[in-house]
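**Student:** First, the structure itself, so that you have it in front of you.
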Amino acid sequence: MVLNVFPKRTIISMSEHSQQAMNRLNEAGLRPTRQRLALAELLIRTAPRHVTAEELYHEASLAGIHVSLATIYNTLHQFTQAGLMGEVVVGSGQSYFDTTAHAHHHFFDKSTGEIFDVPDDAVDIGKVPQAPAGKVIERVDVVIRIRNATPEELADGKAVSAG
Ligand SMILES: [Zn+2]
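So the sequence shown is residues 19 to 181, counted in the numbering used here.
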C-alpha cells in the first residue's frame, strides 16, 4: 500500500514541474523547444541553487538530456537574458547561474569554490555613484569574497571559529 504512494507523488510533481517550465518559457517569450523545456524543468526541480554550465551539463547527461556543453551555455544565457535566472560572475570565465533571478548578494568562498546567498537585509548599500552619461544602473549585487581563516587570524579573533 505504502509503495503506491511514492511513484504517484513523483509523477504528479514531475508534471507540475514541466507545466511550470512551459509557463515560465512562455511568459519569458522563449519558444518552448524540447531542449529548453527539459533544462528548465531540471532547473525548476532543483531550485533554489547556483549551478555552473559544466555541472548542469553533467546533470543533464545523467537525466538523459543529451545536449552539448555549448547548448547548455547558450540556453543558460538565454534564460538569464530573458530574466528567468541570474548570473553571478565570480572570476574571469567563472560564472554561476542562479535560479533566483532577482538581484541579491552572495558569499563566494575562494577556498571551496562555493557560492551562497546572503540575506537581503544583511547588506546595506549606503552610497551608489550616479551612472555615467547615457547609462542607467540596472542592478547592484555584491559578491563578498571569503576564504578559510589562517590559524593566526583565528587566534587574533579576526574570524569566528568554525568548530
Ligand atoms: Zn543567489
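Ideal Cβ placement from N, Cα and C applies to all residues, glycine included.
Look at the alpha carbon of H35 and the alpha carbon of E171, and state the distance between them as a whole number of angstroms.
**Tutor:** Distance between the alpha carbons of H35 and E171: 46 Å.
**Student:** Just to confirm, does D127 get its C-beta within under 7 Å of one of the non-hydrogen atoms of ligand 1?
**Tutor:** D127: no, Cβ never under 7 Å from ligand 1.
**Student:** Pull every residue with its beta-carbon under 6 Å away from any heavy atom of ligand 1, and keep them in chain order.
**Tutor:** Having a Cβ closer than 6 Å to some heavy atom of ligand 1 are H68, D116, T118, H122, H124, D135.
**Student:** Which residues in the same chain as I87 place their Cβ atom closer than 8 Å to its Cβ, once the five residues preceding and following it in sequence are excluded?
**Tutor:** Inspection of the sequence shows that residue 87 is occupied by Leu rather than by Ile. So the list reads A71, E72, Y75, once near-sequence residues are dropped.
**Student:** Under 8 Å, with one C-beta from each stretch per pair, do the segment 132-144 and the segment 88-99 reach the 3-pair mark?
**Tutor:** The segment 132-144, when compared against the segment 88-99, does not touch it at the 8 Å Cβ threshold.
**Student:** Specify the secondary structure class of R157 as computed by DSSP and reduced to three states.
**Tutor:** Here R157 sits in coil by DSSP.
**Student:** Using alpha carbons as the reference points, say which of V178, H68, H122 lies closest to E156.
**Tutor:** Checking every option, the nearest Cα to that of E156 belongs to H122.
**Student:** Which residues share a DSSP beta bridge with F115?
**Tutor:** Answer is V69, E105, bridged to F115.
**Student:** Secondary structure at H123, three-state DSSP: helix, strand or coil?
**Tutor:** Three-state DSSP puts H123 in a strand.
**Student:** Any idea which residues DSSP pairs V188 with across the strands?
**Tutor:** Outside the shown range of the chain, which is 19 to 181, sits residue 188, and nothing can be said about it.
**Student:** Taking the straight line between their C-alpha atoms, what separation do you get for A81 and G109?
**Tutor:** Each residue's alpha carbon lies about 29 Å from the other.
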